[in-house]
Amino acid sequence: MTIDKIILAHNDAFISSEKKDLNFGFTDDAIWLRFSVINTNPTITQWMMMISYYFLWEIDLYIIQGDQIIDHKKSGYIRTS
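Using the numbering used here, read the sequence shown as starting at 1 and increasing by one per residue.
What follows is the structure, encoded as structure tokens:
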């Protein structure tokens, strides 16, 4: 699946979770997560996302507004120097 298909996916393509910590076990599959971030303090414009498992090979974070990608961050074990 591509980010373009994810953007076009309907809400029913995702399963809601109430868990604080998600665990998908060991897999070679891509895992797509979608969530909203609401900034209740307009004076704070920077934020940090913490992923506690270090050995994730690749992490791509897409920031989307509407149906447009406004930022794309890359991280992960194979991308660190």
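Note that beta-carbon positions come from the ideal geometry of N, C-alpha and C, so glycine has one too.
What's the C-alpha gap between I78 and W57? Rounded to the nearest whole angstrom, the CA to CA distance from I78 to W57 is 5 Å.
If I measure Cβ to Cβ from I69 and keep anything under 8 Å in the same chain, skipping five residues before and after, which residues do I get? If the five residues before and after I69 are omitted, its C-beta is found closer than 8 Å to the C-beta atoms of I3, I7, Y62 and I63, all from its own chain and listed in chain order.
DSSP beta-bridge partners for S36? Beta-bridge pairing links S36 to no other residue.
Quick test of your reading: F24 and I31, contact by CB under 8 Å. State the CB separation rounded to the nearest angstrom. That pair is a contact at about 5 Å.
Thinking C-alpha only, which one of I44, K73, Y53 and G66 is nearest D21? Looking at I44, K73, Y53 and G66, the one whose alpha-carbon comes closest to that of D21 is Y53.
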